[in-house]
Every structure is written in C-alpha cells, then in structure tokens.
Amino acid sequence: MPRWGMVIDLAKCTACQACVVACQTENNVSCVEPEQAAMGRIFAWITVLPEVKGIYPRVSMAMMPLPCQHCDSPPCIRVCPVSATGITPEGIVRQTFARCIGCRYCTNACPYTRRMFNWYKPEFPGELRQALNPDVTVRPKGVVEKCTFCHHRLMQARERAAADGRKLAEGDYVPACVEICPASAMYFGDLEDPESRVAEFARSPRAFRYLGELGTDPKVIYLAEGEWAGGKEA
Amino acid sequence: MEKRLKSSSDALGADALLLQPIVATRSSFYHLALILLGFTVFAFFGWLHQLRWGLGVTGLNVPVYWGFYITNFVFFIGISHAGTLISAILRLCHAEWRRSITRAAEVITVLVLFFGVGSIIADLGRPERMFNVLKHPNFHSPLLWDVCSVSMYLLASSIYLYLPLIPDIAILRDYGDKYKRFYTFLSIGWRGTERQRRILNRAISVMAVLVIPIAISVHTVVSWVFGMTVQPMWHSTIFGPYFVVGAIFSGIASLIIAMALIRRIYFLQNYLKDIHFNHLGTLLLVFALLWFYFTFSELITTYYGHDPAHLLVFYSKLTGRYASLFWTMVVTCFIIPVSILGRRRTRTVTGTVVASLSILVGMWLERFTIVVPTLSHPRVPWSKVFYSPTWVEIGITLGFGATFIFLYMLFTKFFPIVSIWEVREGREMAMQEITERVHSYMPGPAGEHSPGPMSADPSV
C-alpha cells in the first residue's frame, strides 16, 4: 500500500505563493473579507510561512510553504471526540465535514496550526461561484476543514488507471500545489516505494521534518536551504 | 405582616424559620429575579444570533480558537467542586459544623454543572450535532472523557443532593400549605422510622464516598483537555492536581458568598454563624497557599526548562500582552485573600466574602490565562493577532452567571436551603456522640484498659 508524501525543496522555492492560489481554486477554499483577515481569520490550506530571524540590521527572512503535514501520528486525530477526523490506510489525514461538531479541539491540538474553522458560511462572490470545483465539497459553516493532499485527485487517478488496466504510476496523482509550482520545488509520491523521487529525497542529508522533535512523524519533508537547516531537526 | 405557618412552628419550634423562605416571598425577590432573567434573555438572544451566523460573531480567530466559552467551562466546572466535595469530606470527617452548610453547597454543584455543559454547547460550531459524541464516540479524546465524567458527576451529585433532602421534603409535605402533591411525590413515603433513617444514613455515606473520586476525576479530566496536547505550557503533568486545587479553591469561595447572602436575606444568622465563615475562611486560606505553590511550581519549571516555545507563552504572561491579567490574578488569588484570611481578626463574614469575591475574579482570570496565551503563541510563527471577546461572548457569560443565581434563588423557594432534619439531629445527638468520640481518643488513667504484655507494669 502506498504512503503518500510530499517533498518541498526550500532551496528552489521562490515563495511566489502559486501553490496557495492553486489550492484555493482546486479545493473551493472560501474567500475572506479584509475585516475578517485583519482578525486573523485567513483561510488557506497551504500557506507560505515567513520566519524572521535576528534583529535589524542583522536580519534575514526565510519562507516556507506549509500544508497539512499529514503526520503519521497526528495529534489532531486523537483528540477529536466524534472521530470526525482520521487517517486513511494510505496515510492521508482526512476530515468528515458531516460529522464534525465544531469543537475546535483538533485545531488547538495541531502544533502546525494547519486546520481551519468555518466561522461563517463560506462565501463565493460573483464569478467565483461558477468557478467552484465540482469534485470537492463546499463546506458548511461551523466545521473544521484541512488539506487533503487533493484526495479527489487520487480517486480520479485510480479510476483512470483502472480504466486503462494498469497500476497507478508515479505522476498519475499529484496535488494541485505540486502541479502548479513554477519553480518545481515540490514533489509528490509514494514514500513506501524506494524507487520514487520523494523516497529518494527523504533520504537526502538536506531532508528535515518541521517540528519533527514533537514526534508527529510528518509526511511532508523539507529539503533545507541554508537558514532553515539550523535550529530545525534534520 | 408576613405570612407564617402555624402548624410548622408548633412542630419545629424555632427551626420553622428555615421554612420561611418557602412560605413567604418578598417583593424584592421578584425584582431581583426580573433583573437576572433580563440577563438570561439577553444571553439567549446572543446565542440565537450566534446560531444564525456562526461562531464568526465571537472574537475568536486563528490561532485563538478557544476563548471566553472554554474559560467559562473550566470556571463553572471548577465552582461545582464547592458542593459535593466539601460537603462529602466534611460529612465523612463527622465535622459537626457542616450540618447547616452542606445543602447550600450541594445545590451549587448540581446547578452550576449545567452552565459548564452549556458553555461547551455554546462553544460548538454545530451544536445541533452534539449527540455525535454518543453516536460516534472516540474514547481517545480527552473531551469524551469529559463528557463521561461530567455526566457521571451530575448524576452522582444530584443523587447526593436529593438523598438528604428527602426528610425535609417530608416536612414540607406534612406542614406546608402548597404543592402538596409535588412534595408527596418527592418524599417517596418518608415517615422517619428507625429503619428508614438507618437506610438513608447508609445511602448518604455511600454516596459521600463515591462522589469524592468522581469529583476529583472531573477536574483532572478537564485539565487533561489541555494537558494531553503538545502545546506549549499546556503539556504539563502538574495540570491535574493544579486544576483540582483551583476548583476546590473557587468552590469554597462561591459557597462563602452564597452562605453570606442566604444568611442576610433569610435572617439565618443563627444557623450560618460567624464560626462557619471562620472555618471556611481557614480552609480557603489553605487553598490560597496551595494555589500559590502550584502556580509557582508550574512557572519555575517552565522557566528552567527554557524551551523557546514555552518561554514565549511564559513571557507573554509575566511581562507581555497578558501581564496585566496575570498579575491581577496573583493579587486577587493570593495577596488579597492571604492578607485577609491570614489574621483571625479579619476572618469575619465581611472579610471572607471580600476574599471570596476576589478569588472568583482571580480564578476566572487564571483559567483565561491558561487557555488564551498558549493559543496565541503557537509553535509556528503566526501573525500577531489578539483575541478580545464580542458582545455575544460577554452576554452569554453574564447570562450564564445570572441564570445560575436565579435558579439558586428559585431552589431556596422550594426547598429549605439549610437542612432542617440534620440540624435537629445534630442538636439531639451530636453532643453525646462527640463526648463518646473524644473519650475514645483519650488515654485512660494508667493501668486501665491495658491488657497484653506491651503495657505490663515496668516494675515487674
């Protein structure tokens, strides 16, 4: 069985945020009004995290795309009182919108703050409503949502492969963020398959997992770029 | 002229005074009830508004997903430890001075639990789905442990409130002049026979023993909601006992305030005496010291651990954004109470009430400074947004407090808030019992009761 994982090469990432926009459109992530954004209620399944290091004038900034880390031992799943979130056999951390009671315990237990809560009914003004992706549920108000590694794309890829009478090959299934990345800084594939590119990168001496010291075993693996290597677990 | 019951004063003598709140109601009761219900209506309106639009109408944001509601949840559940725990411990220790205060304490427990549960429901994004916790329970979740232990606590403390109420309900059935059918039903055929008394006392003792571990588990589990995550300054082993101590602390404080009000409004100075306030004040003093000990231990281990993520939260409390709340908490939970309660001269009714009010403010702040600073400083360097509540959250908080006070007042209008039969029993039997008990501790005169070789005459 595959174990889906992502590799993000920080040396190649230009922090252009194309992944953020691609995710937004692919997954019907709702738009947030400026007043809401000012309150901190920004909606994004993947975000580019800035980290300022040092104090002026000796200051530098590092940027890091941060999707759900799809931990192998996710702190969010344990705490959900109604099992509205779980991990698929292939390692994707999922959310069942129809069951979630909106207690936001998972959002607080996630050390990466990668879970979003629908404070209001999601709004898609004007043309955006017509641009909704029919493959992805539009969430109701009051539930938690999160990155799914574009799980619907996996289903489609499986069906296509089955129709062609072949097994799922590398590159058949990639999430929208990986597909769009103009700098080709993101890779996606099966970590179990030793031949896959992600498995190869995962063995690189540059590879580290964000906040890996917490024992969450993320399946998003970063390749260090100078600054990020220090201080973070390799 | 106020209405009085003729028949009861014949049978109960001076203790008929305890039935007076049920017999006659002054107009000030209705005025106060109206004001309190005003808050209730306002809170209900706020809740409807929140149901209509979503939790967006609160001040909550990313990453501060929990705020006033969860603070209130911990606070109310904490206060619930007033009753059952204190009353059960005093009963088991045969503390004679408990007799007139246990009822007032037990009612707090049962009523305030509803507002603890209510706070959680107010916090849910989809309250209409709350029964999913029964349909799809995940026993790994500390929140589900909460559901289990709080409902068990509600059940146990309701029984524990009801059992000692039965003989008093029978008094109301026999001497009261209203709701006869209601009291007859609730008194389940109590006639006060020797056998009935024996069974009742036995049942009360069993419940008192049962209720203590349940009460302790409740607040331990509440603390584990935070402790079981890896978030900075939540992931702490001290949280269980720390929360239990804080709970009993705020519980005693609310009991003192309730007793002072009851005594003043219903002229029960003869039942809730200064000595009760003095004793409870001493207990409160002990818990103020314990509270300081736990708070200090928690902070100093965090400081020496020097984990940057923890320190961020630590400094936000001590010197940063939450410093004013934190230091107000230290003053109201420790400095004010200890300076008042530490001296016998100021451990009066007024003194203990002032200390208790200060503690209630402080303990609410303690819960707030546990919930919010951690959430506003997550491990990922998040943009700096701060949480401040909206009118909906403030309205629901005030409404819950007011509704609790209203229900408590209502209780005093249907049941005696001081246990009549226990006070009478104390008057009849306690003296003899205590004399016997003290005799049993006393070393007898030399030579008496000295069988066995150990106590043999040394001269032999």
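Protein chains in written order, with the numbering used here: chain A, 12 to 245; chain B, 71 to 530. Note that beta-carbon positions come from the ideal geometry of N, C-alpha and C, so glycine has one too.
Review point. Can you list the residues of chain A that Asn131(B) reaches, using a CB-CB cut of under 7 angstroms?
Key: Going along chain A in sequence order, the residues near Asn131(B) (Cβ under 7 angstroms) are Met50, Gly51 and Arg52.
Review point. Helix, strand or coil: how does DSSP classify Leu77(A) here?
Key: strand
Review point. Since Tyr198(A) sits in a beta bridge, which residues does DSSP pair it with?
Key: Val18(A)
Review point. By DSSP, does Pro407(B) sit in helix, in strand, or in coil?
Key: helix
Exercise for review: Using DSSP bridges, identify the partner residues of Gln106(A).
Suggested key: Thr96(A)
Check your understanding: Considering only residues of the same chain and omitting the five flanking positions on each side of Trp215(B), which have a CB-CB separation below 6 angstroms?
Key -> Val291
Practice item. Report buried or exposed for Asp377(B), applying the criterion of at least 16 other Cβ atoms within 10 angstroms of its Cβ. Key: Exposed is the call here.
Review point. Cys114(A) touches chain B at which residues, Cβ-Cβ below 8 angstroms?
Key: Ile190, Asp193, Leu194, Gly195 and Leu213
Check your understanding: Do you know how far the Cα of Glu176(B) is from the Cα of Ser489(B)?
Key -> Between Ser489(B) and Glu176(B), the alpha-carbon positions lie close to 11 angstroms from each other.
Check your understanding: chain D partners of Phe128(A), CB-CB under 7 angstroms?
Key -> The question asks about chain D, but that chain is absent: this structure's protein chains are A and B.
**Study point:** Pro86(A): first and last residue of the uninterrupted alpha helix (DSSP H) it sits in
**Key:** Start and end: Pro86 to Val90.
Exercise for review: Taking Ile66(A) as part of the beta strand (DSSP E), name the residues at either end of that continuous run.
Suggested key: Thr58 to Ile66
**Study point:** Beta-carbon contacts of His349(B) that lie in its chain and below 7 angstroms, excluding the five residues immediately before and after
**Key:** Trp167
Exercise for review: Give a yes or no on whether 8 angstroms exceeds the smallest Cβ distance from Gly200(B) to chain A.
Suggested key: Looking at the sequence shown, residue 200(B) is not Gly but Met. Closer than 8 angstroms: yes.
Practice item. Go ahead and label Pro45(A) buried or exposed: buried means 16 or more other beta carbons lie within 10 angstroms of its beta carbon, across all protein chains shown. Key: exposed
Check your understanding: With a Cβ-Cβ cutoff of 8 angstroms, do Ile332(B) and Ala174(B) count as a contact?
Key -> Between Ile332(B) and Ala174(B), the C-beta gap is smaller than 8 angstroms, which places the two residues in contact.
Check your understanding: When the Cα atoms are used, what is the spatial distance from Leu411(B) to Phe404(B)?
Key -> If you take the alpha carbons of Leu411(B) and Phe404(B), they lie about 10 angstroms apart.
Exercise for review: Please classify Lys454(B): is it buried, with 16 or more other beta-carbons within 10 angstroms of its beta-carbon, or exposed?
Suggested key: When all chains shown are included, Lys454(B) counts as exposed.
Review point. From Val18(A) to Thr444(B), what distance separates their C-alpha atoms?
Key: 30 angstroms
Point to revise | Minimum length 3: unbroken beta strand (DSSP E) runs contained in the segment 433-475 of chain B | key: none
Check your understanding: Whose C-beta lies closer than 6 angstroms to the C-beta of Phe185(B) among residues of the same chain, with five residues either side of it excluded?
Key -> Excluding its 5 nearest sequence neighbours in each direction, Phe185(B) has C-beta neighbours in its own chain below 6 angstroms: Phe146, Phe470 and Phe474, listed in chain order.
Exercise for review: Can you grab the Cα-Cα spacing for the pair Ala173(A) / Val147(A), in whole Å?
Suggested key: 21 angstroms
Point to revise | Partners in chain A for Val144(B), counting only beta-carbon separations shorter than 9 angstroms | key: Per Cβ cutoff of 9 angstroms: no residues; Val144(B) is ~14 angstroms from chain A at best.
Check your understanding: Excluding sequence positions up to five away, which residues of its chain have a Cβ less than 7 angstroms from the Cβ of Leu430(B)?
Key -> Ser320, Ala323 and Ser324, listed in sequence order.
**Study point:** Cβ neighbour criterion (16 or more within 10 Å) applied to Lys230(A)
**Key:** buried
Point to revise | Start-to-end residues for the beta strand (DSSP E) that takes in Leu234(A) | key: Val231 to Leu234
Exercise for review: Using three-state DSSP, classify Val276(B) as helix, strand or coil.
Suggested key: Correct three-state label for Val276(B): helix.
Check your understanding: Looking at C-alpha atoms only, which residue of Leu435(B), Met433(B) and Pro407(B) is the closest neighbour of Thr422(B)?
Key -> Closest in alpha carbon position to Thr422(B), among Leu435(B), Met433(B) and Pro407(B), is Pro407(B).
Point to revise | Neighbour-count burial assignment, Lys387(B), 16 or more Cβ in a 10 Å radius | key: buried
Exercise for review: Note down, in chain order, every chain A residue with its Cβ under 8 angstroms from the Cβ of His206(B).
Suggested key: Val93, Ser94, Ala95 and Arg110
Review point. Tell me the DSSP bridge mates of Phe285(A)?
Key: One cannot answer for residue 285(A) here, as it falls past the ends of chain A, which runs 12 to 245.
Check your understanding: Which residue from Gly102(A), Cys79(A), Arg115(A) and Thr99(A) puts its Cα closest to that of Val90(A)?
Key -> Arg115(A)
Practice item. Count the other CB atoms, across all protein chains shown, that sit within 10 Å of the CB of Ile560(B); report buried if there are 16 or more and exposed otherwise. Key: Here chain B has residues from 71 to 530 only, and residue 560(B) is not among them.
Check your understanding: Does Gly137(A) come within less than 8 angstroms of chain B when only Cβ atoms are used?
Key -> no
Exercise for review: Buried or exposed for Ala358(B), please, with buried defined as at least 16 other CB atoms from any protein chain shown within 10 angstroms of its CB.
Suggested key: A residue is called buried once 16 or more other Cβ atoms fall within 10 Å of its Cβ, and Ala358(B) is buried on that count.
Point to revise | Boundaries (first-last residue) of the alpha helix (DSSP H) holding Ala213(A) | key: Arg208 to Ala213
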